[in-house]
Amino acid sequence: MSRILVAPSILAADFGRLAEETQRMEQAGADWIHLDVMDGHFVPNLTIGPQAVQALRPVTKLPLDVHLMIENPDRYVPIFVEAGADRVTVHAEAVSDLAKAVRQVRKLGVKVGVALRPQTGIDVLKSCLEEIDLALLMTVNPGFGGQAFMPEVLPKIEALRKIYGRYIQVDGGINQETAASTSSAGADVMVAGTYLFQAKDPKQAIAALKGEG
Ligand code: DX5
Ligand code: ZN
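Heads up: the sequence shown is residues 0 to 212, going by numbering that gives the first Met the number 0.
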C-alpha cells in the first residue's frame with residue numbers, strides 16, 4: 000500500500016453538485032476532502048465559507064481538510080470547527096503569532112496544519128513544528144485552481160522532510176508527474192483539483208497520484 004494520501008480539492012468540482020462530486024471522489028478512493036476557503040483579501044479570490052463545510056459534513060465519511068486562505072483566521076477557526084472541519088490549516092503569512100494560532104486550533108480538538116506560500120521559507124515553522132500535524136507547502140501562488148506547478152518548491156520539501164516527520168502536504172498543479180516529484184522529495188499528502196475532477200476515471204487518477212498507476 001502506498002504511503003501517499005490524496006485530498007481532492009473541491010474548488011475544481013461542479014459547484015451545482017458539490018455533494019455528488021464529493022461522493023464521487025470518496026468512491027474513487029480519496030483519503031480526505033480538501034476545501035479551499037478564500038476571502039478576497041489574503042488572496043484575490045472568493046470561494047466558500049462554513050456553510051459549505053456544514054453541508055458536506057453529512058454526505059461523506061472522509062475527513063474534511065479545510066485550507067484557510069483568509070486574513071484573521073483566529074476569528075473564523077471556531078466557526079469552521081463547529082461546521083464540521085476535521086483538520087484546519089492556517090497560513091503562516093496571515094497571522095502575527097503563529098504559535099498562538101496553532102494552539103487555538105489545537106484547543107478546539109481538531110488536527111492543525113500550517114501553510115506556506117511558495118516564497119515563504121520553512122524557518123517560520125520553527126516556533127510550532129512540534130505541535131502541528133501537517134505542513135502545507137503551496138506549489139502555486141494561492142488563489143486559483145488550474146495553475147502550473149512551481150518546481151522551485153521541491154528543495155523546500157526536501158529540507159522540511161529532513162526535520163519533520165509528520166504530514167507534508169502539497170497543493171497546486173498536482174498531477175501524476177508532479178505527484179511523483181513531490182513524493183520523491185518527501186511529500187505525502189497530495190491535494191489535487193483540476194487533475195482529479197477532470198479525469199475520465201477518477202479512481203485511476205487517484206491511484207496514479209499514489210504512485211500505483
Ligand atoms: C489554490 C488552492 C488549491 C487548488 C488546487 O489556492 O489551494 O487547492 O484548488 O487546484 P489545482 O489542483 O487545479 O492546481
Ligand atoms: Zn488548498
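Built from N, CA and C at the ideal position, the CB exists for glycine as well.
Between which two residues does the beta strand (DSSP E) holding residue i run?
| i | result |
| --- | --- |
| isoleucine 167 | 166-170 |
Looking at the ligand DX5, does it come within less than 8 angstroms of residue i, judged from the CB to the closest heavy atom?
| i | result |
| --- | --- |
| aspartate 170 | yes |
| glutamine 175 | no |
| methionine 149 | no |
| alanine 191 | yes |
| phenylalanine 143 | yes |
| alanine 11 | yes |
| methionine 137 | yes |
| aspartate 96 | no |
Taking the CB atoms as reference points, tell me whether residue i and residue j lie closer together than 9 angstroms.
| i | j | result |
| --- | --- | --- |
| leucine 63 | aspartate 30 | no |
| leucine 136 | alanine 100 | no |
| aspartate 96 | lysine 110 | no |
| glycine 192 | threonine 138 | no |
| valine 89 | leucine 107 | no |
| leucine 10 | glycine 144 | yes |
| glutamate 92 | arginine 56 | no |
| alanine 18 | phenylalanine 196 | no |
Taking 8 angstroms as the cut-off, is the beta-carbon of residue i closer than that to any non-hydrogen atom of the ligand ZN?
| i | result |
| --- | --- |
| histidine 66 | yes |
| aspartate 38 | no |
| aspartate 85 | no |
| aspartate 187 | no |
| aspartate 30 | no |
State the CB to CB distance for the pair residue i and residue j, rounded to an integer number of angstroms; the pair is presumed to be in contact (CB under 8 angstroms).
| i | j | result |
| --- | --- | --- |
| leucine 34 | histidine 66 | 7 angstroms |
| valine 58 | isoleucine 47 | Contact flag wrong, Cβ pair sits at about 14 angstroms. |
| glycine 185 | isoleucine 162 | About 10 angstroms separates the two Cβ atoms, so there is no contact after all. |
| alanine 27 | methionine 189 | Contact doesn't hold; Cβ gap of about 14 angstroms is too wide. |
Grab the span of the alpha helix (DSSP H) containing residue i for me, first residue to last.
| i | result |
| --- | --- |
| valine 111 | From DSSP, valine 111 is part of no alpha helix (DSSP H) but of the beta strand (DSSP E) over 110-115. |
| alanine 206 | 201-208 |
Say the cut is 8 angstroms; is the CB of residue i nearer than that to a heavy atom of the ligand COA?
| i | result |
| --- | --- |
| histidine 90 | Looking at this structure, you won't find the ligand COA anywhere; what it does contain is the ligand DX5 and the ligand ZN. |
*Within the chosen definition, does the region 118-130 reach the region 53-73 through at least 3 CB pairs nearer than 8 angstroms?*
With a cut-off of 8 angstroms, the region 53-73 and the region 118-130 do not count as touching, because too few Cβ pairs lie within range.
_Contact between the region 145-153 and the region 51-59 is defined here as three or more beta-carbon pairs at a separation below 8 angstroms; is this criterion met?_
With the cut-off at 8 angstroms, the region 145-153 and the region 51-59 do not touch.
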